[in-house]
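Asks: Can you read through this structure? Questions will come right after.
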Amino acid sequence: MMQSKKLDENVVLVKVNGKDMYFNPGAAFTPIGLLTWSETGVSGLRMDKDGGTWIKTTLPASSESQIQREAKLKLSDTGDLEGTLKVTYTGLEAMYRRLEQRNTDDVARKKFLEDQLKEQVPGAAELELTNKPDWSSAETPLIAELNLKISGWASSAGKRVMLPVGFFSAGERRVFEHANRVHPIYFEYPYQKVDDVTVELPQGWQVSSTPPAQTQDAKIIVYNLKVENSNGTVHVVRKLNFDILLLESKYYSALRNFFQVVRTGDEEQMLLQPASASASN
Amino acid sequence: MVAGILTLAPHIALAGDAPQWMHALVSAPLPTYDEKTDAVLLYSETNVTVVSADKIKTQVREAYKILRPAGREHGTVFVPFQIPAQKVTSLHGWCIPAQGKDYEVKDKDSMEISPPMIQGIELVDDLKAKVLRIPAPDPGSIVGWEYEIEERPLVLQDSWEFQGLDPVRESHYSLQLPSGWEYRAAWLNYPESKPTETGNRQQWTVTDVKGIRKEPEMPPFHGVAGQMIVSFFPSGGLSVRNGFSNWREMGSWYANLAQGRTEASPQIKQQVAALTAGKSTTLQKMQALAEFVQHDIRYVAIELGIGGWQPHPAPDIFSHRYGDCKDKSTLFRSMLHEIGVDSYPVAINTKRGSITMETPAHRGFNHQIAAIKLPDGLSDPSLVAILQHPKLGRILFFDPTDELTPFGQVSGDLQANYSLVVTPEGGELVPLPQQPSAMNSIQRTAKLTLDPTGRLKGDVKEVRLGDRAWAERWQQRTVTKDSDRIKPIETLLAGSLSNFQVTKATVSNLQHADQPFGFEYSFESANYAKNAGNLLLVRPRVLGNKAMSILETKEPRKFPIEFDGPARDTDTFEITIPAGYVVDDLPPAVDSDYSFASYHSKTEVKGSVIRYTRTFEVKELSVPVGRAEDLKKFYRIIAGDERNTVVLKSGN
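Keeping their order, the protein sequence lines are chains A and B.
Those letters in the first sequence? Residues 1 to 281, per the numbering used here, in order.
Those letters in the second sequence? Residues 1001 to 1652, per the numbering used here, in order.
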């Protein structure tokens, strides 16, 4: 039965060069071409003199809402990582953060960013924001630059050292942990996570092995992990694309399996030989 | 010392303008604060006038300067009161914005609400609140208010809680007593300040009081915040009816309230006879009564007026089959009396540290349990929560409200926690015993097999005792579907394994709190061990996380770190490695021993089996702030051990 109260938002349809574009003038910080998450990819009634027709609002591609994390780190011979981190939020990732923090101040926003990123590191991380992100724009990415230290990131196994490669993987650690699901799974909007991390090893350390490249392509969700080693520097690139909005519960098992693969990839470790061990071997 | 700006004279500002006492604050210097401070309390004044033992008037003035957006919450004034004993007779609020004209709101602009459950447990109470919203509470604004409350006091005592989350520039408290009355003031968590005397009014002042910034696992707020407890007495001495100034007197006050409430009705006597029929020992009889009160008397809190402290008569509790903690304690004590066992009511605060030996006598308790005077010769290994009291002899503490902790023990939050034991001679503050750490434990053993692809599978058995068992039973108490009973196991596995399938799981002793709680389950995890050329990398610590990151912060720790209770957990994981592989590298053993906690782990190889064992023990329940760095180091050592790897090498 038609229930008008279920149409609880108004957006504007504009023909731009013959193309339908949706706008919500009331949604602050929303980039042109995007709508806030609750209005994204949903049905609506286009009002016209004939009464109206049903339309579906734009579902943007995951590439339009990204979290890019670029870290340049050094590994100490005690296993600590230290360096810089640049995080770029685009599209709806930037929008929701700006919206959430619109009534706070710089001190609260700094803590907000630092705490959010700390939660993404599966270890004892210290973060310090060093730049002044642009919180007022709708069109430019929200960029945070930070100093990062992760204590005890590398672990030992006798004469070897293990370096985990899932630097920002905590967000995927505890999702879909139960085997059974009753309700459909709703993602707020399509998005991507792109991590690009370089780690400079201590002088004289050698890489014994790197994990194999991982690719898990479920079409609507894609995971890639690639680890390279070059002249004492390790380069890790991790990508996670979510081109999905709503998934029926009958596909839950496949979704859970996908995330298990992601976590397994994130748990991969590089095998390192410290300088003294390298010399003696 | 900063003098009070104005006394509570009628404000003479123009209608709509903030009063002069607030305008005087506009140019006042601010107290010390940092960039994270949301607001500062510029001025606070509480004037208490005791008219008689039945009437007290309290006038309050407060003004905050808002510094940050989060300080806007001070624009909402919340004045709690209890009907019919208290009445808010006036309420005004003002805002002096950084720019523009003042705002004023009055009593008629407020609304009266019944606050949602204060402790989350009351079914019915008589607490109300007046809520007044002050316009424009923005950074740079000064918001202030005045209100007056008249009350018929339940107790002749007041507390001045002058230290809160925000820094305080100056705070004043005054007390005016009828002629001939006396008072006693006691300070807590703050250096004592002597009062100045004007006529028969005493006034205390504190200035530049630091705000308390909350930290995880810190002691309860009232255990660290500065406050003054003031008790007052009519001429001629203490009124037993509603006054006390020490724990002994408070015990007498409570005993007076509870007098006669444990007297058993014929129905109670009949029930006791039925429950104890066939029980040959006093212990068996006590256990039967304890189980009845724990399980057959439903927890329902109806707290009206003095009913927040006074229990209902035992016959009413019994006939209704419901009551709150003090009701359950009262009925239990009534039933004990019928089998010839003496007992005492015990008031306690479930947040250890709220009450300490230094705390002045006041109503800082939120729970009631019972202390049982154990008959001579009664001894049993199940009776652990025993205190040897110099006058009362052996007393056993028991919480009739806690239906998941077996008779003979108390939960971790009550252990080593100060309580008020009420005897016919009055009250005495005594600590509950701290139980052995092994009585609160998870003993986890696993026999697992690894294949060359890295798949790990096998069986796990867990035995949980004490609060560790309590938590599982509490979580499962509303679960009705068997398929949901394994969710805690899935959650546990998800904390340690990137992927897993539970292939079998059972729960044991779910309903039998006097028995250890058990989990037995089987699982498999693909790619648990990682291949690296001809190597296989295996983490021997398969399950469970003991490391914590609460101290991984930039700010130095300011308060002690509190543990929930003593604990001792053990893990033993045996992993059979694939044929053709040998152990090439083992992580080192870890031995970290502090007075507050210890952690020992070891990885050994016996034939084709890797055997990982570890023990984690909490020995002291509070780590002083001076040892926070030790605790941080302790947790980092554990985190390192939990990530360590065994390297297997293929002989092929």
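Think of the CB as a built atom: it goes at the ideal place given N, C-alpha and C, for glycine as much as any other residue.
In this text, all values refer to a predicted model and were calculated from it rather than measured experimentally.
1. The beta strand (DSSP E) spanning glycine 44 of chain A covers which residue range?
2. Count the other CB atoms, across all protein chains shown, that sit within 10 Å of the CB of valine 12 of chain A; report buried if there are 16 or more and exposed otherwise.
3. With a 10 Å radius around its C-beta and 16 neighbouring C-beta atoms as the bar for buried, classify aspartate 1402 of chain B as buried or exposed.
4. Comparing alpha-carbon positions, which option in B:Gln1203, B:Pro1220, B:Val1224, B:Glu1197 lies nearest lysine 1210 of chain B?
5. Check whether the Cβ of valine 1582 of chain B lies closer than 8 Å to any Cβ atom in chain A.
6. Using the Cβ count rule (16 or more neighbours within 10 Å means buried), how would you classify threonine 1506 of chain B?
7. Mapping the DSSP letters down to three states, classify proline 1452 of chain B as helix, strand or coil.
8. Residues of chain B with CB closer than 8 Å to the CB of lysine 329 of chain A, please, in chain order.
9. Tell me the rounded alpha-carbon separation between histidine 1312 of chain B and cysteine 1325 of chain B.
10. Whose C-alpha, out of A:Ala27, A:Arg46, A:Glu70, A:Asn10, is nearest the C-alpha of aspartate 196 of chain A?
11. Could you tell me whether the Cβ atoms of glutamine 214 of chain A and leucine 272 of chain A are closer together than 8 Å?
12. Thinking C-alpha only, which one of B:Thr1359, B:Gly1307, B:Thr1262 is nearest leucine 1318 of chain B?
13. Can you list, in chain order, the residues of its chain whose CB lies under 6 Å from that of valine 85 of chain A, leaving out five sequence neighbours each side?
14. Quick one: is valine 1240 of chain B near chain A, going by C-beta distance under 8 Å?
15. Can we say the stretch 1375 to 1393 of chain B touches the stretch 1249 to 1258 of chain B, given the rule of at least three CB pairs closer than 8 Å?
16. Check distances from the C-beta atoms of the stretch 227 to 242 of chain A to those of chain B and list, in chain order, the residues that come in under 7 Å.
17. Inspect the beta-carbon positions of valine 1026 of chain B and isoleucine 1096 of chain B and report whether they are closer than 8 Å.
18. On the three-pair Cβ rule with 8 Å, is the stretch 1090 to 1109 of chain B touching the stretch 1160 to 1171 of chain B?
19. Can you look up serine 1379 of chain B in the DSSP assignment and give me helix, strand or coil?
20. If you reduce the DSSP assignment to three classes, tell me which class phenylalanine 112 of chain A lands in.
21. Using DSSP with H/G/I as helix, E/B as strand and the rest coil, what is phenylalanine 1332 of chain B?
22. Expressed to the nearest angstrom, what Euclidean distance is found between the alpha-carbon atoms of proline 211 of chain A and glycine 265 of chain A?
23. Listing by chain order, which chain A residues have their CB less than 7 Å from the CB of lysine 1457 of chain B?
24. Quick one: residues in its chain with C-beta nearer than 6 Å to the C-beta of glutamine 1443 of chain B, no 5 flanking neighbours on either side, listed in chain order?
25. Under a three-way DSSP split, which group does phenylalanine 1634 of chain B fall into?
26. Taking Cβ positions, are alanine 1039 of chain B and tyrosine 1064 of chain B nearer each other than 8 Å?
27. Histidine 1074 of chain B to proline 1137 of chain B, Cα distance in whole Å?
28. Quick one: list the residues of chain A neighbouring alanine 1529 of chain B, beta-carbon separation under 9 Å, in chain order.
29. Assuming threonine 53 of chain A contacts leucine 35 of chain A (C-beta within less than 8 Å), just tell me the rounded distance between them.
30. By DSSP's criteria, cysteine 1095 of chain B is part of a beta bridge. Which residues make up the other side?
31. Pair every Cβ in the stretch 1519 to 1532 of chain B with every Cβ in the stretch 1547 to 1563 of chain B, then say whether three or more of these pairs are closer than 8 Å.
32. Quick check on this structure: which residue in B:Phe1634, B:Ala1597, B:Ala1639 has the alpha carbon closest to the alpha carbon of serine 1622 of chain B?
33. Relative to the C-alpha of proline 1345 of chain B, which candidate in B:Val1605, B:Ala1255, B:Glu1425, B:His1600 has its C-alpha closest?
34. For the alpha helix (DSSP H) that contains phenylalanine 258 of chain A, what are its first and last residues?
35. Quick check on DSSP: helix, strand or coil for phenylalanine 1292 of chain B?
36. From the DSSP output, in three-state form, read off proline 1566 of chain B for me.
Replies: Quick answer:
1. 43 to 46
2. exposed
3. buried
4. Nearest C-alpha to lysine 1210 of chain B: B:Val1224.
5. No - not a single Cβ of chain A is within 8 Å of the one on valine 1582 of chain B.
6. exposed
7. coil
8. With chain A covering 1 to 281 only, the question about residue 329 of chain A has no answer from this structure.
9. 11 Å
10. A:Glu70
11. Going by C-beta atoms, glutamine 214 of chain A is not nearer than 8 Å to leucine 272 of chain A.
12. Per the sequence shown, the amino acid found at residue 1318 of chain B is phenylalanine instead of leucine. For the residues B:Thr1359, B:Gly1307, B:Thr1262, the minimum Cα distance to phenylalanine 1318 of chain B belongs to B:Thr1262.
13. According to the sequence provided, residue 85 of chain A is leucine. The question's valine does not apply to it. Once the five neighbours on either side are set aside, the close Cβ partners of leucine 85 of chain A are Ala71, Leu146, Leu148.
14. Note that valine 1240 of chain B scores a pLDDT of 49, beneath 50, so its modelled location is shaky; the value from the coordinates is reported in the next line. Closer than 8 Å: no.
15. no
16. none
17. yes
18. For the pair of segments examined, the stretch 1090 to 1109 of chain B was found not to touch the stretch 1160 to 1171 of chain B: the number of CB pairs separated by less than 8 Å stays below three.
19. Per DSSP, reduced to three states, the secondary structure at serine 1379 of chain B is coil, with no helix or strand assignment.
20. helix
21. The answer is helix: DSSP assigns phenylalanine 1332 of chain B an H, G or I state.
22. Those two C-alpha atoms are separated by around 9 Å.
23. Under the 7 Å cutoff, chain A gives no residues; its nearest Cβ is about 15 Å from lysine 1457 of chain B.
24. Val1463, Thr1570
25. helix
26. Yes, these two residues count as a Cβ contact at 8 Å.
27. Going by C-alpha positions, histidine 1074 of chain B is about 7 Å away from proline 1137 of chain B.
28. Result: empty, since nearest Cβ-Cβ is about 10 Å, beyond 9 Å.
29. About 19 Å separates the two Cβ atoms, so there is no contact after all.
30. B:Tyr1103, B:Val1143
31. no
32. B:Ala1597
33. B:Ala1255
34. 252 to 266
35. DSSP places phenylalanine 1292 of chain B in helix when its eight states are reduced to three.
36. coil
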